[in-house]
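Here numbering that gives the first Met the number 0 is used: the first residue of the sequence shown is 0, the next is one more, and so on. The next block holds one structure in the form of structure tokens; read it before the comments.
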Amino acid sequence: MSEAKKCLGCGVLLQDDNMLQEGYTTNLENDYCQRCFRMKNYGEYQVITKSNEEYLDILKAVGKTKDLVLYITDLINVEQDLAKIKEYLPNKMMLVLNKRDALPKSVKDEKIIEYFKQLHLPFVDIIVISANRNYHIDYLLHQVKQHQTSKNVYVVGHTNAGKSTLINQLLKNYSENTQELTISPLPSTTLNKVEIILNDHLTLIDTPGLVDRGSLINYVDASILKKLSSKKEMKPKTYQLKKGQAIIIEDFLRMDYIEGEKNSFTLYLSNDLKVKRLLNANNHDDLHHLAKTTIGMKYREDLVICGLGFIKVVDEGTIDLYLNKEVDYYTRKSMI
């Protein structure tokens with residue numbers, strides 16, 4: 000009996016028995032399941048729900064190896080606890096800060112790296128890249144060669160961090176392998192481990208993205224998701240707010256400035272999102288149906304909204320945040 004074949008796009012076992020199950024294809028000789036084929040060729044997306052428990056089982060298996068791991072994170076939506084991944088992976092790990100192209104060019108790479116070094120994270124190296132723009136990919140590959148413990152190198156991270164885009168860029172730049180991973184701005188595109196042979200000395204193993212249930216991307220439809228995932232360089236919007244004024248971002252978020260001196264709020268988010276300023280917040284009840292939380296902001300802190308971006312606040316002050324109750328947020332020392 001021949002060995003079961005896996006989809007080259009998402010890594011699931013191909014099957015031709017049930018078109019409603021993952022891995023379905025009309026012909027077992029095909030290289031891609033029907034889901035990946037239609038996503039690649041027609042931009043159609045079929046949602047498949049998998050639990051984080053399944054993904055964690057895969058990570059735990061990676062943790063039993065001694066192979067190098069690349070932990071990819073989105074610079075605009077950095078996880079609150081980057082060190083948490085070490086609970087599952089005792090491996091030597093490199094932190095790869097992706098989507099550099101989304102941040103303003105005026106922000107220096109050195110400043111970004113120094114910010115993360117000061118967090119004393121358990122990574123052997125920290126590198127800033129843009130997989131989408133092919134930025135620093137040469138340097139990343141050079142550092143991988145310095146740190147790898149075998150020819151196998153695993154790629155992990157949350158959904159939409161850009162893991163598959165990075166691997167496709169490495170394939171394009173350095174390999175004769177014509178395999179291409181399925182890419183989509185929606186979560187859960189890669190469904191199982193996918194091995195990609197770059198050359199005789201390096202095999203990259205893509206893993207399913209950990210699903211961040213607290214991310215806004217889980218609660219919007221596909222058309223809105225494209226606005227959230229803009230690939231253009233961000234143009235930060237700065238608003239000087241007085242007590243009693245507010246900012247509204249689309250239908251996602253409302254932030255009322257309720258206590259403090261005149262303060263500066265700089266928004267780092269997709270240029271495609273509409274922002275409205277309310278000069279007298281008390282006269283408007285927009286988005287008051289969303290869950291309300293009162294937050295005390297300290298001097299030079301960011302308010303990070305998972306899946307949306309972050310807001311840099313210069314001085315101390317108190318805000319009322321109105322947001323979907325399922326969406327997570329946190330504050331941190333300002334990154335920029």
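We put the beta carbon where it would ideally sit given N, CA and C, even for glycine.
Figure out for me which residue from the options has the closest Cα to the Cα of residue i.
i, options, result
"glutamine 79", "Tyr70, Asp220, Tyr328", "Tyr328"
"leucine 322", "Val154, Asp199, Leu307, Asp314", "Leu307"
"leucine 140", "Met38, Leu169, Leu252, Tyr70", "Leu169"
"leucine 272", "Lys225, Leu302, Phe264", "Lys225"
"lysine 242", "Asp205, Asn281, Phe122", "Asn281"
"valine 127", "Met93, Leu252, Glu86, Asp16", "Met93"
"lysine 59", "Ile84, Glu109, Asp314, Glu113", "Ile84"
"glutamine 142", "Tyr134, Asp124, Asn131, Val155", "Asp124"
"glycine 208", "Ala221, Thr64, Asp73", "Asp73"
"proline 103", "Glu232, Ile318, Asn279", "Glu232"
"valine 77", "Lys91, Arg99, Val68", "Arg99"
"tyrosine 31", "Asn133, Asn17, Gln20, Leu13", "Leu13"
"leucine 55", "Thr25, Ser333, Lys150, Lys192", "Lys192"
"tyrosine 134", "Leu96, Asp211, Ile195", "Leu96"
"threonine 158", "Asp205, Tyr114, Ile112", "Asp205"
"lysine 236", "Gln20, Leu320, Val312, Cys9", "Val312"
"arginine 132", "Ala101, Val106, Ser105", "Ala101"
"histidine 283", "Ile196, Ile246, Asp301", "Ile246"
"glutamate 258", "Asp314, Asn90, Asn270", "Asp314"
With which residues is residue i paired in a DSSP beta bridge?
i, result
"isoleucine 196", "Thr202"
"threonine 293", "Asp319"
"histidine 157", "Leu209"
"valine 303", "Phe309, Tyr329"
"asparagine 151", "Thr202"
"arginine 253", "Ile247, Tyr321"
"leucine 266", "Lys236, Ile310"
"methionine 334", "The partner list for methionine 334 (beta bridge, DSSP) is empty, contrary to what the question assumes."
"arginine 276", "Ile246"
"lysine 162", "Lysine 162 pairs with nothing; no bridge assigned."
"leucine 12", "Lys5"
"asparagine 217", "Asparagine 217 is not bridged to any residue."
"glutamate 258", "Thr317"
"leucine 96", "Thr72, Val127"
With a 10 Å radius around its C-beta and 16 neighbouring C-beta atoms as the bar for buried, classify residue i as buried or exposed.
i, result
"glycine 316", "buried"
"glutamate 260", "exposed"
"lysine 162", "buried"
"serine 214", "buried"
"threonine 293", "exposed"
"serine 183", "Unreliable placement is indicated for serine 183, whose pLDDT of 44 sits below 50; the coordinate value is still reported in the next sentence. When all chains shown are included, serine 183 counts as buried."
"leucine 27", "exposed"
"glutamine 33", "buried"
"asparagine 217", "buried"
"alanine 130", "buried"
"lysine 332", "exposed"
"histidine 288", "exposed"
"tyrosine 138", "exposed"
"leucine 286", "buried"
"leucine 278", "exposed"
"alanine 82", "exposed"
"alanine 290", "exposed"
"alanine 3", "exposed"
"asparagine 172", "exposed"
Using the C-alpha atoms, what's the distance from residue j back to residue i?
i, j, result
"lysine 230", "isoleucine 166", "18 Å"
"aspartate 255", "glutamine 147", "49 Å"
"leucine 268", "isoleucine 75", "8 Å"
"isoleucine 310", "valine 303", "6 Å"
"glycine 22", "valine 11", "6 Å"
"glutamine 244", "arginine 276", "8 Å"
"leucine 203", "cysteine 305", "28 Å"
"asparagine 17", "cysteine 6", "15 Å"
"arginine 299", "phenylalanine 251", "24 Å"
"arginine 296", "threonine 64", "Reading the sequence as shown, one finds methionine at residue 296 and not arginine. Taking the straight line joining both Cα atoms gives about 42 Å."
"leucine 240", "arginine 253", "13 Å"
"leucine 201", "aspartate 220", "38 Å"
"lysine 324", "asparagine 198", "46 Å"
"isoleucine 335", "isoleucine 318", "21 Å"
"leucine 67", "glutamate 175", "23 Å"
"tyrosine 87", "asparagine 29", "34 Å"
"valine 152", "leucine 118", "25 Å"
"isoleucine 248", "threonine 265", "13 Å"
"leucine 185", "threonine 25", "Residue confidence for leucine 185 is low, a pLDDT of 44 falling below 50, so the modelled location carries little weight; the figure read from the coordinates is stated next. Distance between the alpha carbons of leucine 185 and threonine 25 is about 24 Å."
"valine 326", "serine 149", "39 Å"
"phenylalanine 122", "isoleucine 111", "15 Å"
"leucine 320", "leucine 227", "19 Å"
"arginine 37", "tyrosine 238", "43 Å"
"tyrosine 70", "lysine 234", "27 Å"
"isoleucine 136", "isoleucine 223", "30 Å"
"aspartate 211", "glycine 156", "10 Å"
Is there a Cβ from chain C that is less than 8 Å from the Cβ of residue i?
i, result
"isoleucine 196", "Protein chain content of the structure displayed is limited to a single chain, and chain C is not contained in it."
Hey, would you say the C-beta of residue i is under 7 Å away from at least one heavy atom of the ligand ADP?
i, result
"glutamine 145", "Inclusion of the ligand ADP in the displayed structure is not the case, the ligand content being empty and no account of it being possible."
- Task: Ignoring anything shorter than 3 residues or poking outside the region 16 to 89, list the beta strand (DSSP E) runs there in chain order.
- Result: 67 to 73
- Task: Starting from the N-terminal side, write out each stretch of the alpha helix (DSSP H) that is 4 residues or longer and does not extend beyond the region 110 to 148.
- Result: 136 to 146
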